[in-house]
Amino acid sequence: MQLTTALLSLVAAAATTNAAPTDGAACVAPPRRFGIMALRSASPIHFASVSGFQNNLALKLPENELEAQCTDGVTRREATFFIKDGELFLYTPKETIQKLWTDRSGMGTGVLQYATYPKDGSWTPGRNFETKGWEIDENDNLLFKGSSFIACPWDPKAPETTKWTLYVNAGVSNPAWNEGCLGVTARTVTASEPVRCTYPPRQ
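Numbering of the sequence shown is given in my numbering, commencing with residue 144 and proceeding in unit increments.
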């Protein structure tokens, strides 16, 4: 019995040694890749997926306005995102970075856009721009420093058919002097097979 116990201890010790990283550093899993779905019951945007469009995040983007340039050649409506060090990024090809920023000042009123720059370059944010503070809560909802989102119709006279734009909730019911805006929940959905895409910025 004593011999058997000793042998089992040696086997367990060997397994633990072999499983440890040889360079002394723990393996780090890649950030979760996810899409975003808007939740606002009894509204035109309930269950609408988020797209990248001319620096903005859009809902209900029409087929003829889809601009995603994806590595597999397929144009998609659903954008893929990930969070790293509290910052939110679009899942782009490795040579390009598209990072989200918001301006919650009185002038910005929660505007939410992405900046595009090469991986070997840099981007200088504006005076009131914020990039850090993104998180996913226990219900898989995306938040920025605890704040949810507001969606505004591109054409307030036709909210059922028009595309919508997302803003961070900065305490303004109709940000950027829009009309017909609605508070929304941004539910994250894990992308099981994420594809890298670039979203052309506004020219």
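For glycine and all other residues, C-beta sits at the position ideal for the given N, C-alpha and C.
Query raised in the report: In this structure, does DSSP put PRO296 in helix, strand or coil?
Result: strand
Requested in this report: Kindly indicate which residue of TRP266, PRO187, THR239, ASP280 has the alpha-carbon position closest to the one of PHE304.
Outcome: What sits at residue 304 in the sequence shown is Thr, not Phe. Residue PRO187 is the option with its Cα nearest to THR304.
Query raised in the report: Considering only the beta carbon of each residue, do ILE226 and TRP266 sit closer than 9 Å?
Result: no
**Report entry** Residue from ARG175, VAL332, ASN312 whose Cα sits closest to the Cα of CYS324
**Finding:** ASN312
Requested in this report: Give the range of the beta strand (DSSP E) segment to which ASN282 is assigned.
Outcome: Unbroken run through ASN282: none, as it is neither H nor E.
Query raised in the report: With which residues is THR333 paired in a DSSP beta bridge?
Result: PHE177
Requested in this report: Tell me, please, which residues DSSP counts as bridged to ILE226.
Outcome: LEU231
Requested in this report: Grab the span of the beta strand (DSSP E) containing ASP246 for me, first residue to last.
Outcome: 239–246
Query raised in the report: Would ALA222 pass as a contact of TYR342 if the rule is Cβ separation under 9 Å?
Result: yes
Query raised in the report: Under a three-way DSSP split, which group does GLU273 fall into?
Result: strand
Report task. Take ASP228 as the anchor and find which of ARG220, ILE293, LYS242 has the nearest alpha-carbon. Result -> LYS242
Query raised in the report: What residue range is occupied by the uninterrupted beta strand (DSSP E) comprising ASN199?
Result: 199–202
Query raised in the report: What residue range is occupied by the uninterrupted beta strand (DSSP E) comprising PHE196?
Result: 193–196
Query - Reduced DSSP category for ALA319 - H, G, I as helix; E, B as strand; rest coil - result: helix
Requested in this report: List the residues that DSSP assigns as beta-bridge partners of THR328.
Outcome: LEU182
Query raised in the report: Count the other CB atoms within 10 Å of the CB of ASP263; is the residue buried (16 or more) or exposed (fewer)?
Result: exposed
Query raised in the report: Quick check: the stretch 204–213 against the stretch 326–334, are there 3 or more CB pairs under 8 Å?
Result: no
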